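A short write-up of the structure that comes next.
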Amino acid sequence: MTSERIFWGLGIIFIAGLLLFLYAPRPEKVKSIDTSAEISISDSLIAGTAKLIIRQAINRTDIEKTKKRFAEKLKKSSDSRYKKEINKIFGDVEYMGLTDTFTNTFRITRNSSREEVIKAIENIDKDILLTKLDEVPEQAIAKLIRKKLQEKRLNSIVQLKDYLGKCTQKVIF
Numbered sequence: 009m010t011s012e013r014i015f016w017g018l019g020i021i022f023i024a025g026l027l028l029f030l031y032a033p034r035p036e037k038v039k040s041i042d043t044s045a046e047i048s049i050s051d052s053l054i055a056g057t058a059k060l061i062i063r064q065a066i067n068r069t070d071i072e073k074t075k076k077r078f079a080e081k082l083k084k085s086s087d088s089r090y091k092k093e094i095n096k097i098f099g100d101v102e103y104m105g106l107t108d109t110f111t112n113t114f115r116i117t118r119n120s121s122r123e124e125v126i127k128a129i130e131n132i133d134k135d136i137l138l139t140k141l142d143e144v145p146e147q148a149i150a151k152l153i154r155k156k157l158q159e160k161r162l163n164s165i166v167q168l169k170d171y172l173g174k175c176t177q178k179v180i181f
């Protein structure tokens, strides 16, 4: 089985988890493996699948090329575009309750200069990304995914599939 088939198979599992979350009446509570807090089965399925997809994208990506491309994009962006992007990133980080972890790991804040962010990007490697991904609580990931789905007002499986495809392509390419 090719890695593309595995990757898209995980995407289908992710969609199934999202549908379970969206349409399940009241999921029972289970203990999360990562924390002692309670988490619903659908949230666990959504977050676990999202972590698998993100892990696959990180492992398949040429991290050096991606860092260089992202740094160039940051250098060329206007000040207003840069502020909009960093505020969007920190908005999501704050929504998930991970501001301290994010700032301690990457040494940047919402008010960091473009140069500070580029320097932080240069210091990132796959091991750091994978380690930090494992540390993100499932509840935080599921919470952010639910928020994004509500913001996008996805009402059908086709809309959900198209949105997930676009998100996945942004991560990989």
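Using our numbering, the first residue of the sequence shown is number 9, and each one after it goes up by one. Positions of the beta carbon are idealized from the N, C-alpha and C atoms, including for glycine. Here the structure is a predicted model, which is why all the values come from computation and not from measurement.
- Note on geometry: alpha-carbon atoms of Leu106 and Leu152 lie some 11 Å from one another.
- Using a 10 angstroms sphere on the CB of Ile136, the tally of other CB atoms stays under 16, which defines it as exposed.
- Here Ile149 really is in contact with Ala58; their C-beta atoms are around 5 Å apart, less than 8 Å.
- Across the set Phe98, Ile47 and Ser85, the C-alpha of Phe98 shows the shortest separation from the C-alpha of Asn119.
- Excluding its 5 nearest sequence neighbours in each direction, Ala55 has C-beta neighbours in its own chain below 7 Å: Glu146, Ile149 and Ala150, listed in chain order.
- Taking the Cα positions, Ile66 is about 12 Å away from Lys140.
- Per DSSP, the continuous alpha helix (DSSP H) segment holding Val101 begins and ends at Asp87 to Met104.
- Assigned with DSSP and collapsed to three states, Thr74 falls in helix.
- Contact annotation: Val144 and Leu82 have beta-carbon atoms that are not nearer than 8 Å.
- Membership of Arg154 in the alpha helix (DSSP H) is indicated by the continuous run Glu146 to Lys160.
- For Ser85, the closest of Thr69, Phe114, Ser121 and Arg63 by C-alpha to C-alpha distance is Ser121.
- Taken through DSSP and simplified to helix, strand or coil, Arg115 comes out as coil.
- Cα atoms of Thr74 and Ile129: separation of roughly 10 Å, rounded to the nearest angstrom.
- Shown here, Ile132 sits in coil according to DSSP, grouped into three states, outside any helix or strand.
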